[in-house]
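Engineer:
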Amino acid sequence: MTEFLDTPQGRRLAYHKTDGQGPCVVFCGGLKSDMEGTKAVYLEDWARRTGRAFLRFDYSGHGESAGAFTDGCIGDWHEDTVAAISAQTEEPVVVVGSSMGGWQALLLARAVPDRIAGMVTIAAAPDFTEDGYWAEFTDEQKTQLEEVGHVELPSDYMEPYVITRRMIEDGRQRLVLRTPLELRFPVRMLQGTADTAVSLATAVRLLEHADGPDMRLTLVKDADHRFSDETCLGLMEAAVEEVIARAGV
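Using the UniProt record's numbering, you'd call the opening residue of the sequence shown number 1 and step up by one each time.
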């Protein structure tokens, strides 16, 4: 059953918590995704089978949480992530971040490094508001963003994304690939070669930029951005189990 928590910023977030052994595995979803996605539900089933603690939640403006998507930005969703983990976990966490959730996982590691026992990313999209959206905007789109306050971008997976000026401007305050990024815990990164939303170059850039003692990037031939078929889900599960074992907590 969905439960709700109120964040220090006054936002109301929906979540599902599965009690079990620690560390608690926390799933951070992608942009405009929600906690009912295939990967989140699969991991919850895995947690129940194996007796692991697990948390999935919706950012504000996503899924069952309150608010409008167009009112949010990377910083708001980072605050939501910190609030959910602070309210619902006491033990160390293994954070699993998909797409934009990968950026959120990295921001979490900067904000509360002592809480993180390990990390798994799936098509992580750090800094995408700057290196993806802004870098690829035409002059016309940049003018529209300034004058109208938003632009609409087509999506391969759902209705068009409405990208607001606030999202772009806030994203510039949250970039993780421009300054040192220390990940002092086991990290496993998964990336499909047929992903049209996040490039292989982004995955390699993150691997090369981050500094940590135990980091690996796995490329999956022909896997797309969803990374949700049986093979990919099995690889995600194996990565989570490996990180937990390597973390030793």
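For every residue, glycine included, the Cβ atom is placed at its ideal position computed from N, Cα and C.
Please read all numbers here as calculations on a predicted model, not as lab measurements.
Report the residue from D139, L106, V94 whose alpha carbon sits nearest the alpha carbon of E147.
Structural biologist: If you number the sequence shown from 1, residue 147 lands on position 147. Comparing Cα positions, the closest option is D139.
Engineer: Assuming A223 and T193 make a contact with CB atoms under 8 Å, what is their CB distance in whole Å?
Structural biologist: Along the sequence shown, read from residue 1 onward, the residue named residue 223 stands at position 223. Along the sequence shown, read from residue 1 onward, the residue named residue 193 stands at position 193. Rounded, the Cβ-Cβ distance is 7 Å, consistent with contact.
Engineer: Quick one: Cα of L31 to Cα of M100, how far?
Structural biologist: Numbered from 1 along the sequence shown, position 31 holds the residue referred to as residue 31. Numbered from 1 along the sequence shown, position 100 holds the residue referred to as residue 100. Distance between the alpha carbons of L31 and M100: 6 Å.
Engineer: Taking all protein chains shown into account, decide if V187 is buried (16 or more other Cβ within 10 angstroms of its Cβ) or exposed.
Structural biologist: Counting from one through the sequence shown, the residue named residue 187 turns up at place 187. Buried: at least 16 other Cβ atoms inside 10 Å.
Engineer: Across which residues does DSSP place D6 in a beta bridge pair?
Structural biologist: Here residue 6 refers to the residue found at position 6 of the sequence shown. D6 is bridged to R12.
Engineer: State whether the segment 82 to 94 contacts the segment 23 to 40, with contact taken as three or more CB pairs (one from each stretch) at a distance under 8 Å.
Structural biologist: yes
Engineer: Could you compute how far the alpha carbon of E44 sits from the alpha carbon of T143?
Structural biologist: For this step, residue 44 is matched to residue 44 along the sequence shown. For this step, residue 143 is matched to residue 143 along the sequence shown. Approximately 44 Å between the Cα atoms of the pair.
Engineer: Can you tell me whether DSSP reads M1 as helix, strand or coil?
Structural biologist: Your numbering for residue 1 matches position 1 in the sequence shown. Reduced to three states, the DSSP call for M1 is coil.
Engineer: If I follow the unbroken alpha helix (DSSP H) through R52, where does it start and stop?
Structural biologist: Taking the first residue of the sequence shown as 1, we reach residue 52 at position 52. No alpha helix (DSSP H) holds R52; the beta strand (DSSP E) holding it covers 52 to 57.
Engineer: Distance, Cα to Cα, V162 vs I244?
Structural biologist: Sequence index remark: in the sequence shown, residue 162 carries index 162 (1-based). Sequence index remark: in the sequence shown, residue 244 carries index 244 (1-based). Using only the alpha carbons, I get a separation of about 37 Å.
Engineer: Do Q104 and Y15 have their CB atoms nearer than 8 Å?
Structural biologist: As a working mapping, residue 104 is identified with position 104 in the sequence shown. As a working mapping, residue 15 is identified with position 15 in the sequence shown. No, the pair does not count as a contact, with Cβ atoms beyond the cut-off.
Engineer: Is V204 helix, strand or coil when you go by DSSP?
Structural biologist: Translated into positions along the sequence shown, residue 204 becomes position 204. Three-state result, V204: helix.
Engineer: Are the CB atoms of M189 and L207 nearer to each other than 8 Å?
Structural biologist: Mapped onto the sequence shown, residue 189 falls at position 189. Mapped onto the sequence shown, residue 207 falls at position 207. For M189 and L207, yes; Cβs fall inside 8 Å.
Engineer: Using only alpha-carbon positions, find the residue among F185, G234, D58, V41 that is nearest to D211.
Structural biologist: Against the sequence shown, residue 211 aligns to sequence position 211. Ranked by Cα distance from D211, the first of F185, G234, D58, V41 is F185.
Engineer: Measure the alpha-carbon distance for F4 versus E152 and round it to whole angstroms.
Structural biologist: Locating residue 4 in the sequence shown gives position 4, where the first residue counts as 1. Locating residue 152 in the sequence shown gives position 152, where the first residue counts as 1. Just so you know, the alpha carbons of F4 and E152 end up roughly 31 Å apart.
Engineer: May I have a chain-ordered list of the beta strand (DSSP E) segments no shorter than 3 residues that lie completely inside the segment 147 to 186?
Structural biologist: Taking only runs of at least 3 residues, the beta strand (DSSP E) segments lying wholly in the segment 147 to 186 are 150 to 153, 161 to 164.
Engineer: Rounded to the nearest angstrom, what separates C28 and V96 at their Cα positions?
Structural biologist: Working through the sequence shown from its first residue, we reach residue 28 at position 28. Working through the sequence shown from its first residue, we reach residue 96 at position 96. Those two C-alpha atoms are separated by around 6 Å.
Engineer: Identify which residue in R166, D131, G75 has its Cα closest to the Cα of H150.
Structural biologist: For the purposes of this step, residue 150 is taken as residue 150 along the sequence shown, with counting starting at 1. Considering only alpha carbons, the answer is R166.
Engineer: Is any heavy atom of the ligand NAD found at a distance shorter than 7 Å from the C-beta of E3?
Structural biologist: No copy of the ligand NAD appears in this structure; indeed no ligand is present at all.
Engineer: Mind checking who Q191 pairs with in its DSSP beta bridge?
Structural biologist: Here the question's residue 191 lines up with position 191 in the sequence shown. Beta-bridge pairing links Q191 to L219.
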